[in-house]
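Report on one structure; see the data block that follows.
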Amino acid sequence: MNRINRALAQDKKLISIYFTAGYPQLEDTTEVIKRLTDSGTDVIEIGLPYSDPLADGPVIQKSSEQALRNGMSTKKLFQQLEGIRKTVDIPLIVMGYFNAMLQFGVEDFCKECEAIGIDGIIMPDLPIDIFEVDYKELFEAHGLKFIPLITPETSPNRINTIDALGDSFVYMVSSSSTTGGQQGFGDEALSYFKRIADMQLTNKLMVGFGIKDALSFEQASRYTSGCIIGSAFIQTLTKTGLDGIPGFIQSLK
Amino acid sequence: MSKYSANDKGFYGDFGGAYIPELLYPNVEELRQNYKQIIATDDFQKQFKSLLKDYVGRPTPLYLAENLSEKYKAKIYLKREDLCHTGAHKINNTVGQILLAKALGKHRIIAETGAGQHGVATATVCALMGLECIVYMGAVDIERQAPNVARMKMLGATVVPANSGSKTLKDATNEAIRDWINHPKDTHYIIGSVVGPHPYPDMVTQLQSVISKEVKTQLLEKEGRELPDYVIACVGGGSNAAGLFADFMDHEEVGIIGVEASGKGVETNESAATTILGREGIIHGSKTLLMQNTDGQITEPYSISAGLDYPGIGPMHAHLYKTGRGKFVSITDAEAMEAGLELSRIEGIIPAIETAHAFAIFKYLDFKEDDVLVFNCSGRGDKDLDTYRTYFGY
Numbered sequence: 032m033n034r035i036n037r038a039l040a041q042d043k044k045l046i047s048i049y050f051t052a053g054y055p056q057l058e059d060t061t062e063v064i065k066r067l068t069d070s071g072t073d074v075i076e077i078g079l080p081y082s083d084p085l086a087d088g089p090v091i092q093k094s095s096e097q098a099l100r101n102g103m104s105t106k107k108l109f110q111q112l113e114g115i116r117k118t119v120d121i122p123l124i125v126m127g128y129f130n131a132m133l134q135f136g137v138e139d140f141c142k143e144c145e146a147i148g149i150d151g152i153i154m155p156d157l158p159i160d161i162f163e164v165d166y167k168e169l170f171e172a173h174g175l176k177f178i179p180l181i182t183p184e185t186s187p188n189r190i191n192t193i194d195a196l197g198d199s200f201v202y203m204v205s206s207s208s209t210t211g212g213q214q215g216f217g218d219e220a221l222s223y224f225k226r227i228a229d230m231q232l233t234n235k236l237m238v239g240f241g242i243k244d245a246l247s248f249e250q251a252s253r254y255t256s257g258c259i260i261g262s263a264f265i266q267t268l269t270k271t272g273l274d275g276i277p278g279f280i281q282s283l284k
Numbered sequence: 038m039s040k041y042s043a044n045d046k047g048f049y050g051d052f053g054g055a056y057i058p059e060l061l062y063p064n065v066e067e068l069r070q071n072y073k074q075i076i077a078t079d080d081f082q083k084q085f086k087s088l089l090k091d092y093v094g095r096p097t098p099l100y101l102a103e104n105l106s107e108k109y110k111a112k113i114y115l116k117r118e119d120l121c122h123t124g125a126h127k128i129n130n131t132v133g134q135i136l137l138a139k140a141l142g143k144h145r146i147i148a149e150t151g152a153g154q155h156g157v158a159t160a161t162v163c164a165l166m167g168l169e170c171i172v173y174m175g176a177v178d179i180e181r182q183a184p185n186v187a188r189m190k191m192l193g194a195t196v197v198p199a200n201s202g203s204k205t206l207k208d209a210t211n212e213a214i215r216d217w218i219n220h221p222k223d224t225h226y227i228i229g230s231v232v233g234p235h236p237y238p239d240m241v242t243q244l245q246s247v248i249s250k251e252v253k254t255q256l257l258e259k260e261g262r263e264l265p266d267y268v269i270a271c272v273g274g275g276s277n278a279a280g281l282f283a284d285f286m287d288h289e290e291v292g293i294i295g296v297e298a299s300g301k302g303v304e305t306n307e308s309a310a311t312t313i314l315g316r317e318g319i320i321h322g323s324k325t326l327l328m329q330n331t332d333g334q335i336t337e338p339y340s341i342s343a344g345l346d347y348p349g350i351g352p353m354h355a356h357l358y359k360t361g362r363g364k365f366v367s368i369t370d371a372e373a374m375e376a377g378l379e380l381s382r383i384e385g386i387i388p389a390i391e392t393a394h395a396f397a398i399f400k401y402l403d404f405k406e407d408d409v410l411v412f413n414c415s416g417r418g419d420k421d422l423d424t425y426r427t428y429f430g431y
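Protein sequences, first through last, are from chains A and B.
If you want the working numbering, it's the position in the first sequence, counting the first as 1, plus 31.
If you want the working numbering, it's the position in the second sequence, counting the first as 1, plus 37.
Below, the structure is given as structure tokens:
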């Protein structure tokens with residue numbers, strides 16, 4: 032069983048952490064993964080930094096710029112991750128923007144991911160219709176789960192179409208917003224979480240965007256399998272460095 | 038269906054499409070489903086034509102530049118888009134899109150701008166229609182285009198500095214897209230060029246195609262024929278070029294020439310000649326030719342003209358280039374500045390520096406004496422006086 036599905040099958044609310052590879056220091060990537068794993072993180076999203084991250088707010092933009100200045104590249108990331116499966120057994124997902132994948136070669140990218148032991152890919156700007164026609168078979172052939180996104184504006188029909196494309200989890204964007212923009216959840220967001228949960232999709236649900244502490248984590252995971260935290264974690268890394276990791280994960284529980 | 042137009046998914050051959058995050062899907066989809074139908078309504082057409090005529094000042098003249106013709110031994114016409122209200126062709130598009138926005142019930146307008154021309158054209162139509170206007174502009178561009186910032190503010194727009202990335206046009210576009218993600222319901226994004234996700238390249242081309250339609254009628258009057266031998270325009274993102282090329286692309290006997298900015302030269306790191314330096318990639322939701330490093334990180338272009346330093350080109354132009362239908366020439370800063378000076382001195386027309394690039398092609402291309410050339414004189418040089426003055430030391 033794919034590690035993502037194995038994690039989703041557990042009877043617990045999953046903590047999924049996004050971080051930008053090569054940040055704060057170029058060679059921090061694997062150390063961040065290890066410390067996250069040791070601190071009880073359930074899923075890790077490794078962000079491949081991009082010069083023009085359209086779906087991301089200022090925190091992730093800044094960390095991406097810094098990582099690129101540090102010298103991060105697609106090739107470098109794959110080198111850093113070589114051998115990571117000797118020590119880490121939780122699901123690892125690569126998150127990036129499609130142009131980086133396209134320039135590396137989509138097939139080569141998938142091959143590298145498979146060789147490393149990556150379990151899934153999130154590409155916010157790879158639209159589902161193009162994925163389905165051009166890349167679905169390729170992803171499957173390399174054992175990579177495609178994690179699609181939905182937002183509060185996504186219609187029920189389209190949610191069903193999206194649900195049919197994957198068989199792990201759907202990334203529920205908590206509100207119509209770039210990453211890092213929210214201040215906790217109100218009734219509107221909570222009813223959206225419940226509305227989607229009530230659709231009984233094939234895929235499990237993980238909520239991302241705007242989760243930063245135990246309260247927002249509890250709210251967003253009430254009806255779902257767990258939460259994805261990005262900007263708040265990056266801010267912790269910026270302030271306290273890698274030593275802040277265990278405390279941050281603990282603070283979500 | 039034209040061979041060189043977008044198909045129903047917005048692809049021009051290999052280029053175009055809508056590579057957008059799901060977060061943008063509802064916004065773009067609403068536009069995609071409605072734009073053709075709204076533009077086709079009598080109501081839209083009536084308002085659009087009326088505003089283009091009485092507000093923008095169309096039709097713009099097709100002027101036979103006799104002195105230039107004499108010098109370069111060809112029959113040279115200038116399509117005088119520089120005489121449009123606000124000083125460039127940009128307003129054709131913003132008038133059209135503001136009507137679309139109103140038809141869609143949007144009351145908040147956002148736009149990106151580089152040199153400020155599109156920002157001014159957007160602020161202008163927002164003032165006219167009484168809609169809120171927010172213009173994203175790179176912090177670096179705000180510094181170097183102060184007069185246009187003042188114009189936008191006078192017109193009632195809010196100018197928001199884009200402080201991300203390189204703080205120029207591409208970053209202003211990123212910020213505008215992020216704003217649109219954060220405001221999916223009440224906001225329309227007026228993109229200023231034939232770039233961005235489908236349907237923008239097609240929609241903006243349609244709105245700018247009034248340029249080529251007028252040329253046909255005017256040329257018939259003056260030359261007894263609708264088709265010139267060549268149409269020539271500068272290309273940054275490529276909206277003035279798309280407008281001039283639109284109705285001629287399917288007439289293979291009309292030569293199409295796009296003129297890019299090579300900045301300090303294509304061999305330097307300071308250039309914006311996308312067809313030469315770019316590779317296929319994705320920028321702002323469109324697959325096109327794009328200046329990028331081997332890793333796919335988008336690189337910062339350079340041109341003395343702030344309107345041409347976009348790291349990609351519209352997907353339609355990428356397709357014209359790849360199929361060989363269009364010829365692309367690149368012109369350095371120095372060549373463009375000299376051409377701008379020459380047009381000023383022999384025709385009494387000070388062109389925008391963007392526009393001046395097109396007039397520098399004679400060094401590289403030969404024409405026959407009876408060839409009819411139509412240049413898009415896309416913008417006037419008022420906004421560039423400081424740059425001209427500094428460059429020539431007046």
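For every residue, glycine included, the Cβ atom is placed at its ideal position computed from N, Cα and C.
Here the structure is a predicted model, which means the values were calculated and not measured.
Since residue i sits in a beta bridge, which residues does DSSP pair it with?
i	result
B/Leu410	B/Ile113 and B/Tyr267
A/Phe177	A/Ile152
B/Gln329	B/Ile335
B/Ser323	B/Ile320
B/His225	B/Ile146
B/Ala298	B/Ile368
A/Phe50	A/Ile77
B/Ile293	B/Val268 and B/Gly363
A/Lys235	A/Phe200
Who are the near neighbours of residue i in its chain, counting only those whose CB is closer than 8 Å to its CB and skipping five residues on each side?
i	result
A/Ile48	Leu67, Thr72, Val74, Ile75, Glu76, Ile259, Ile260, Gly261, Phe264 and Ile280
B/Gln82	Ile76
A/Ile138	Inspection of the sequence shows that residue 138 of chain A is occupied by Glu rather than by Ile. Here the set comprises Leu169.
A/Asp59	Gly53 and Leu273
B/Gly363	Phe282, Ile293, Ile294, Gly295, His354 and Leu357
B/Asp178	Thr150, Gly151, Ala152, Gly153, Lys204, Thr205, Leu206, Ala209 and Ala343
B/Glu59	none
B/Ser106	Lys112 and Ile113
Indicate whether at least one CB of chain C lies closer than 8 Å to the CB of residue i.
i	result
B/Asp332	No chain C is present in this structure, whose protein chains are A and B.
On the CB-based measure, 16 or more other CB atoms within 10 Å of its CB, does residue i come out buried or exposed?
i	result
B/Ser201	buried
A/Ser186	exposed
B/Phe429	exposed
B/Leu141	exposed
B/Lys324	buried
B/Arg95	buried
B/Glu289	exposed
B/Asp346	buried
Less than 8 Å between the C-beta atoms of residue i and residue j, yes or no?
i	j	result
A/Gln134	B/Gly318	yes
B/Ile269	B/Ile398	yes
A/Pro155	A/Leu180	yes
A/Ile159	A/Ala38	no
B/Ser367	B/Ala298	yes
B/Tyr62	B/Leu410	no
A/Tyr54	A/Ser94	yes
A/Thr61	A/Ala98	no
B/Gln245	B/His122	no
A/Phe109	A/Glu145	no
B/Ser276	B/Val231	yes
B/Ser249	B/Gly280	yes
B/His144	B/Glu169	yes
Which same chain residues, not among the five before or five after residue i, have their C-beta less than 6 Å away from its C-beta?
i	result
B/Gln84	Leu136
B/Leu165	none
B/Met286	Tyr41
B/Ala111	Phe404, Asp408 and Leu410
B/Val172	Ala148, Thr150, Gly156, Met189, Ala194 and Val196
Return the chain-ordered list of same chain residues with a C-beta closer than 7 Å to the C-beta of residue i, the five sequence neighbours on each side being excluded.
i	result
B/Asp421	Ala389 and Ile390
A/Met132	Phe140 and Met154
A/Gln92	Pro84
Original post:
For the segment 179-209 of chain B, which residues have a CB atom closer than 7 Å to at least one CB atom of chain A, in sequence order?
Top reply: Those would be Ser201, Gly202 and Lys207, in chain order.
Subject >> Residues of the segment 46-61 of chain B whose Cβ lies closer than 9 Å to any Cβ of chain A, in chain order >> reply: Listed by position, the residues of the segment 46-61 of chain B near chain A (Cβ gap below 9 Å) are Lys46, Gly54, Ala55, Tyr56, Ile57, Pro58, Glu59, Leu60 and Leu61.
Original post:
Which residues, taken in chain order from the segment 208-242 of chain B, show a beta carbon closer than 7 Å to some beta carbon of chain A?
Top reply: Per Cβ criterion, the list reads Asn211, Ile214, Arg215, Ile218, Asn219 and Pro221.
**OP:** Could you name the residues of the segment 334-351 of chain B whose beta carbon sits closer than 7 Å to any beta carbon of chain A, in the order they occur along the chain?
**Re:** Cβ contacts with chain A: Gln334 and Ile335.
**OP:** Return the residues of the segment 120-142 of chain A that lie within a Cβ-Cβ distance of less than 9 Å from chain B, sorted by chain order.
**Re:** Taking 9 Å as the Cβ-Cβ cut-off against chain B, the residues of the segment 120-142 of chain A that qualify are Tyr128, Phe129, Asn130, Ala131, Met132, Leu133, Gln134 and Phe135.
**OP:** Give, in chain order, every residue of the segment 79-91 of chain A whose Cβ lies closer than 9 Å to some Cβ of chain B.
**Re:** So the list reads Pro80, Tyr81, Ser82, Asp83, Pro84, Leu85, Ala86, Asp87, Gly88 and Pro89, given in the order they occur along the chain.
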